[in-house]
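All remarks here apply to the structure that follows.
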Amino acid sequence: MAKKFDTEWAFEPFEDDMTFEARHMFGCRSAYLRGKIVMCLAENDSDPNWQGILLPTEREHHESLIREFPQLSPHKVLAKWLYLPSSDEDFEQVAMSIGEKISQNDLRFGSVPKPRKKKKTGAKSPRKERKK
């Protein structure tokens with residue numbers, strides 16, 4: 692059974708959109724809207740870099756989003772995405788405000804996922820013999 696995230700309430704502003712889809716991805720719970728990944732919930736108690744909300748966006752939008760939401764910063768691992776740590780004293784209020792922006796189709800949020808590579812079918816390449 693997939694993990695239930697305590698912060699799934701952050702999807703509420705846009706979860707009634709017909710295009711909304713939630714998926715598990717790399718230990719996170721991700722929201723997709725209109726074909727774009729728009730929000731990722733991270734709840735890893737052992738790593739503070741993965742305790743909050745990641746916001747997929749383009750670097751060109753960082754300045755305006757940080758100006759509007761000063762609690763955001765580039766994520767330490769995924770620097771293209773912005774991060775709202777759950778330890779922020781205004782976490783819930785900021786998360787809901789961002790969710791509202793996403794529901795209103797604020798184009799600064801979201802990233803179109805790259806298509807999955809097709810698995811190769813057919814004969815496998817021959818294995819190299821091991822030297823003895």
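Residue numbers (the numbering used here): 692 to 823. Every residue gets a Cβ at the ideal spot worked out from N, C-alpha and C, and that includes glycine.
Option in the options with minimal Cα separation from residue i
| i | options | result |
| --- | --- | --- |
| Met-709 | Ser-794, Ser-802, Arg-799, Ile-757 | Ser-794 |
| Pro-739 | Asn-796, Val-729, Val-768 | Val-768 |
| Ser-778 | Glu-706, Leu-763, Leu-756 | Leu-763 |
| Ser-788 | Phe-717, Gly-718, Met-730 | Met-730 |
| Ser-755 | Phe-717, Arg-799, Phe-702 | Arg-799 |
| Phe-782 | Arg-720, Leu-745, Arg-714 | Leu-745 |
8 angstroms contact criterion, which residue i and residue j should meet: CB distance rounded
| i | j | result |
| --- | --- | --- |
| Pro-765 | Gly-743 | In fact, because the Cβ distance is near 13 angstroms, the residues do not count as touching under 8 angstroms. |
| Pro-747 | Gly-790 | Contact doesn't hold; Cβ gap of about 14 angstroms is too wide. |
| Tyr-723 | Glu-712 | 4 angstroms |
Reduced DSSP secondary structure (H/G/I, E/B, other) of residue i
| i | result |
| --- | --- |
| Arg-758 | helix |
| Gln-795 | coil |
| Ala-722 | strand |
| Glu-783 | helix |
| His-715 | strand |
| Ser-764 | strand |
| Ala-733 | strand |
| Gly-743 | strand |
| Ser-788 | helix |
Spatial distance of residue i from residue j (CA atoms)
| i | j | result |
| --- | --- | --- |
| Gln-784 | Arg-750 | 24 angstroms |
| Ile-728 | Pro-804 | 7 angstroms |
| Phe-717 | Pro-761 | 27 angstroms |
| Arg-758 | Leu-773 | 12 angstroms |
| Lys-694 | Ala-786 | 20 angstroms |
| Lys-792 | His-753 | 15 angstroms |
* Validate contact between the stretch 697-712 and the stretch 722-741 using beta carbons, cut 8 angstroms, 3 pairs -> yes
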